[in-house]
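Using my numbering, the letters of the first sequence correspond one by one to residues 5 to 213.
Note that beta-carbon positions come from the ideal geometry of N, C-alpha and C, so glycine has one too.
Here is the structure we will look at, set down as structure tokens.
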Amino acid sequence: MSVTSAQMARRAPGKLMREKFFARGPEVVGRELLGKLLVRREPDGWLVGRIVETEAYLGAADAASHAFRGETARNAVMFGPPGRVYVYFIYGMHFCVNVTCGPAGKAGAVLIRALEPLAGLERMAVSRDLAGDVKPKMLTGGPARLCEAFGITRERDNAKIYVSPRSDLQLRDDNFEVGRVSVTPRIGITKAAELELRYCVESSGCLSR
DNA sequence: GGAATGATAGTCT
DNA sequence: GACTATCATTCCG
Numbered sequence: 005m006s007v008t009s010a011q012m013a014r015r016a017p018g019k020l021m022r023e024k025f026f027a028r029g030p031e032v033v034g035r036e037l038l039g040k041l042l043v044r045r046e047p048d049g050w051l052v053g054r055i056v057e058t059e060a061y062l063g064a065a066d067a068a069s070h071a072f073r074g075e076t077a078r079n080a081v082m083f084g085p086p087g088r089v090y091v092y093f094i095y096g097m098h099f100c101v102n103v104t105c106g107p108a109g110k111a112g113a114v115l116i117r118a119l120e121p122l123a124g125l126e127r128m129a130v131s132r133d134l135a136g137d138v139k140p141k142m143l144t145g146g147p148a149r150l151c152e153a154f155g156i157t158r159e160r161d162n163a164k165i166y167v168s169p170r171s172d173l174q175l176r177d178d179n180f181e182v183g184r185v186s187v188t189p190r191i192g193i194t195k196a197a198e199l200e201l202r203y204c205v206e207s208s209g210c211l212s213r
């Protein structure tokens, strides 16, 4: 499949998601975020990707969570209101994007690990510095990959991702029905590694591994 | 198609 | 000063 034929969406598909959706536990939000759309406004259209893999991170009860040791300057947004973007920097070169959930004052977030790119693939390839016949998985199959494809950096931290139609980064719902979902241990962590808080759309070819 | 490896900086102790 | 996690590349069977 050629990436170069994929046009950007003229309009953002589906409807903007509401804060209420995110004001629940990370396990619920992580599961229900599968099949939803992450969109990014560009001057001449929209980048669109469907979420196919997430991980839930809890607060004080989860040793793998950034919020485990309490609130700091870095993780403060996890303790804030739901539906905000929490971006963190890892490996000295990559970003990962989370959406906060649970009520304000209680830490929780869902890490978006993989998307299936639907529109604007050519633009994503440019952002990823890839050329030629690129596989969709190389565009957005992985937390750092999708951040690069969507141009998500630390500047996005604490951005509202719900309710504001003017936001250039949104989560939207087009009532897509995901197929079978698998629940597995989370990836790339050493603490609380036994907890099964990773959610995947089984049929997707864009999973991070 | 899987395993091993190197690159790297921000955060907290 | 210790710790943390991803991706690209390379090597192997």
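Secondary-structure assignment with DSSP links Glu57 through a beta bridge to Ala118, Cys204. Here the stretch 159-171 makes no contact with the stretch 129-146; the two share fewer than three CB pairs at distances below 8 Å. Straight through space, the alpha carbons of Met12 and Gly112 are spaced by roughly 32 Å.
Here Ile55 is buried: its Cβ has 16 or more other Cβ atoms, across all protein chains shown, within 10 Å.
Taking a cut-off of 8 Å for Cβ pairs, the stretch 70-90 and the stretch 18-29 touch, as three or more such pairs fall below it. With respect to the 8 Å criterion, Val101 and Ile116 are classified as neighbours on the basis of their beta carbons. At least 8 Å separates the beta-carbon of Gly106 from that of Ala196. Looking from the CA of Arg160, the closest CA among Leu119, Ile191, Val91, Leu134 belongs to Val91. Taking a C-beta distance under 8 Å as the contact criterion, Glu59 and Arg190 qualify as a contact pair.
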